[in-house]
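**Student:**
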Amino acid sequence: METHLRGRSYRDVATEPDVPQATLRSRVHFGLKALRSAMEDMGVQPAA
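All letters in the sequence shown, in the order written, are residues 1 to 48 by UniProt numbering.
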């Protein structure tokens with residue numbers, strides 16, 4: 001979540017755990033998808 005919460009680039013974040021940038025993007029994508037789903041299950045609606 002470094003990319004969203006702290007405004008860091010995918011390239012910068014990917015170098016720390018030595019993970020390919022594409023893998024990092026995929027993990028962020030699926031993590032956000034899971035978070036959205038969990039929040040919808042709790043009845044939280046996205047902001048307009």
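Quick reminder that beta carbons are idealized off the backbone N, C-alpha and C, glycines included.
Enumerate in chain order the residues of its own chain whose CB-to-CB distance from Leu32 is below 7 Å, with the five nearest sequence positions on each side excluded.
**Tutor:** The answer is none, since no qualifying residue turns up.
**Student:** What residues in its chain sit with their C-beta under 8 Å from that of Ser9, if we drop five residues either side in the sequence?
**Tutor:** Excluding residues within five positions, the ones whose Cβ falls inside 8 Å are Thr3.
**Student:** Buried or exposed, going by whether 16 or more other CB atoms sit within 10 Å of the CB of Ala22?
**Tutor:** Label assigned to Ala22: exposed.
**Student:** Identify whether Arg36 lies in helix, strand or coil by the three-state DSSP scheme.
**Tutor:** If DSSP states are grouped into helix, strand and coil, Arg36 belongs with the helices.
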